[in-house]
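The next block holds one structure in the form of structure tokens; read it before the comments.
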Amino acid sequence: MDCVETMKLDLDSSSSCVKASILSSAFQLALKLDNMTELEKLLNDSNINSMDETGMTLLHKSIIANRIDFVRTLISLGANLRLSTRDGWSALHLAAFLGFSDILVLLLNFWD
């Protein structure tokens, strides 16, 4: 059993506040290991739009990391593009501000 699978087991048996923290940690590990398969497994039974203490979702974190592959996967799994952080930053705001035009175009293609 790998680290992400262990975190998934913890995620299944925890309260919602703890789940958000475990999900964020497991996501950061999948991001660091560049492991899209683990990301997809992790998100199967999780709330893809859960927010951390700053109101950031996994989509926001993927944009900040400039990981278009993770952004694309999160969108395909139902990530809400319209959610904003507690400071009012939407996914579009972040991509535009950071100058990630490829991610910005991707987001605009899926914008309603």
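Using the UniProt record's numbering, the first residue of the sequence shown is number 1, and each one after it goes up by one.
All C-beta atoms in this analysis are idealised placements derived from N, C-alpha and C, irrespective of residue type, glycine included.
Treat the numbers as computed from the prediction; the structure is a model and nothing was measured.
Cut-off 6 Å between Cβ atoms - residues of its own chain near residue i, not counting five sequence neighbours on either side
| i | result |
| --- | --- |
| Ile84 | The sequence given here places Ser at residue 84; Ile does not occur at that position. For Ser84, where only same-chain residues beyond five positions count, the Cβ hits under 6 Å are Ser90. |
| Lys61 | none |
Beta-carbon separation (whole angstroms), residue i vs residue j, contact threshold 8 Å
| i | j | result |
| --- | --- | --- |
| Leu81 | Phe110 | 6 Å |
| Arg86 | Thr54 | 6 Å |
| Thr57 | Ser50 | 7 Å |
| Leu106 | Arg72 | 6 Å |
Cut-off 8 Å between Cβ atoms - residues of its own chain near residue i, not counting five sequence neighbours on either side
| i | result |
| --- | --- |
| Gly99 | none |
| Leu77 | Glu40, Leu43, Ile48 |
| Leu104 | Leu92, Ala95, Ala96 |
Residue i (DSSP reduced to helix, strand or coil)
| i | result |
| --- | --- |
| Ser62 | helix |
| Ser76 | helix |
| Ser25 | helix |
| Ser101 | helix |
| Ser13 | Any reading at Ser13 needs caution, since the residue's pLDDT is 49, under 50, leaving its predicted position unreliable; the model's value is listed next. DSSP places Ser13 in coil when its eight states are reduced to three. |
Same chain only: Cβ atoms within 7 Å of residue i, ignoring 5 sequence neighbours per side
| i | result |
| --- | --- |
| Asp69 | Met36 |
| Ala65 | Leu31 |
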